[in-house]
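In what follows, a single structure is set out as structure tokens and then discussed.
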Amino acid sequence: MELVLKGVIDGLPPDREATGGNFKIDLKPGAEASKQAPYRMSAQLVPELDRQLADMMARGYIRHSTSEFGAPVLFVKKKNGEWRLCVDYRDLNSKTIKDRFPLPRIDDLLDTLDGAAVFTSLDAVQGYHQCRIRAEDVHKTAFRTQYGHFEYLVLPFGLANAPAHFQRYMNRMFREAGLLGVTVLVYIDDILIFSADPAEHAKHVDAALHTSMY
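Per the numbering used here, the sequence shown runs over residues 1042 to 1255.
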């Protein structure tokens, strides 16, 4: 069974600085601010840019910026035909100290599933947005558009250390609940709940859903 967690929570997620849940951007020594001019955009996509910026502002995900940093944006078409607004953070990423937290090996994950008979997969849509940017690093996420200069308050796609940070956060959350490797496996924002006993599976799904809400 596959479940897609589509509910989008408006506003900022909880401040998890004390537990290491906020995303940080540490730059290499001597690195200068990353700043580029906006990319050209087709006239047909400008209204979509305006709509998505307004939506993120309303949700509290971004705010206006006066940062010296500024990355350009572009649109990428998704499989369903919708447009994803992407910030081109390649220059910033080249100046960022890399987080070497490892992603799980697929073969290790498969070994853990030995004996399991029932499975439910969860796709945490916009899961990154449930992580705040560390306050002193918000200005580094700034991006430039035809409609102005903005910066992220939540973790966007495209930052070099986002997968490692989110994997660490998810691992810690499910490990502290006693679920990781027992009834739950995680690969970044994909969650697999597994059970040997079909009668127990509903309880395992409920526990995973409850844990993922915090």
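The C-beta atom is built at its ideal place from N, Cα and C for all residues, glycine as well. Source: prediction; values computed, not measured.
Other residues of its chain near LEU1200: CB distance less than 8 Å, five sequence neighbours each side excluded = For the purposes of this step, residue 1200 is identified with residue 159 of the sequence shown, where counting begins at 1. For LEU1200, where only same-chain residues beyond five positions count, the Cβ hits under 8 Å are PHE1064, ILE1066, TYR1130, LEU1133, ASN1134, THR1137 and THR1182.
Taking 8 Å as the threshold, find out whether the region 1176-1196 comes into contact with the region 1144-1152 through three or more Cβ pairs.
-> With the cut-off at 8 Å, the region 1176-1196 and the region 1144-1152 do not touch.
Taking C-alpha atoms, which residue in CYS1127, VAL1195 and ALA1249 lies nearest to GLY1219?
-> Reading the sequence shown from its first residue, position 178 is the one you call residue 1219. Among CYS1127, VAL1195 and ALA1249, the Cα nearest to that of GLY1219 belongs to ALA1249.
Given a threshold of 16 other Cβ atoms within 10 Å of its Cβ, counted over all protein chains shown, does THR1224 qualify as buried or as exposed?
-> As a first step, residue 1224 must be located in the sequence shown, where it is residue number 183. With 16 or more other Cβ atoms within 10 Å, it is buried.
Do LEU1194 and LEU1053 have their C-beta atoms closer together than 8 Å?
-> Position 153 of the sequence shown, counting from 1, holds the residue named residue 1194. Position 12 of the sequence shown, counting from 1, holds the residue named residue 1053. The Cβ-Cβ distance between LEU1194 and LEU1053 falls below 8 Å.
In three-state terms, what does DSSP make of LYS1181?
-> As a working note, residue 1181 is residue 140 in the sequence shown. If DSSP states are grouped into helix, strand and coil, LYS1181 belongs with the helices.
Excluding sequence positions up to five away, which residues of its chain have a Cβ less than 7 Å from the Cβ of LEU1115?
-> On the sequence shown, position 74 is the one that residue 1115 refers to. Non-local beta-carbon contacts of LEU1115 in its own chain, meaning distances under 7 Å to residues more than five positions away in sequence, involve TYR1080, CYS1127 and ASP1129 in chain order.
Nearest to ASP1056 (by Cα), restricted to the options GLY1071, ARG1146 and ILE1174 | Along the sequence shown, one-based indexing puts residue 1056 at 15. Considering only GLY1071, ARG1146 and ILE1174, the residue with the shortest C-alpha distance to ASP1056 is ILE1174.
In three-state DSSP terms, what is LEU1053?
-> Stepping through the sequence shown from its first residue, residue 1053 is reached at position 12. Coil at LEU1053, not helix or strand.
Closer than 6 Å by C-beta to ALA1074: which residues in its own chain qualify, once you throw out the five before and the five after it? Chain order, please.
-> The residue labelled residue 1074 in the question sits at position 33 within the sequence shown. Cβ neighbours of ALA1074 beyond the five flanking positions: GLU1109 and PHE1110.
Secondary structure, alpha helix (DSSP H): runs of 4+ residues fully inside the region 1075-1124 | Considered as a whole, the region 1075-1124 harbours 1087-1100 as its complete alpha helix (DSSP H) runs of no fewer than 4 residues, in chain order.
Give every residue of the same chain whose Cβ lies closer than 7 Å to the Cβ of HIS1170, excluding the five residues on either side of it in the sequence, and list them in chain order.
-> Along the sequence shown, one-based indexing puts residue 1170 at 129. Contacts found: TYR1102, VAL1195 and LEU1196.
Assuming PRO1231 and SER1162 form a contact by the criterion Cβ under 8 Å, report the distance between their Cβ atoms to the nearest whole angstrom.
-> Along the sequence shown, one-based indexing puts residue 1231 at 190. Along the sequence shown, one-based indexing puts residue 1162 at 121. Reading the sequence as shown, one finds Asp at residue 1231 and not Pro. Contact annotation, ASP1231 with SER1162: C-beta distance approximately 7 Å; criterion of less than 8 Å satisfied.
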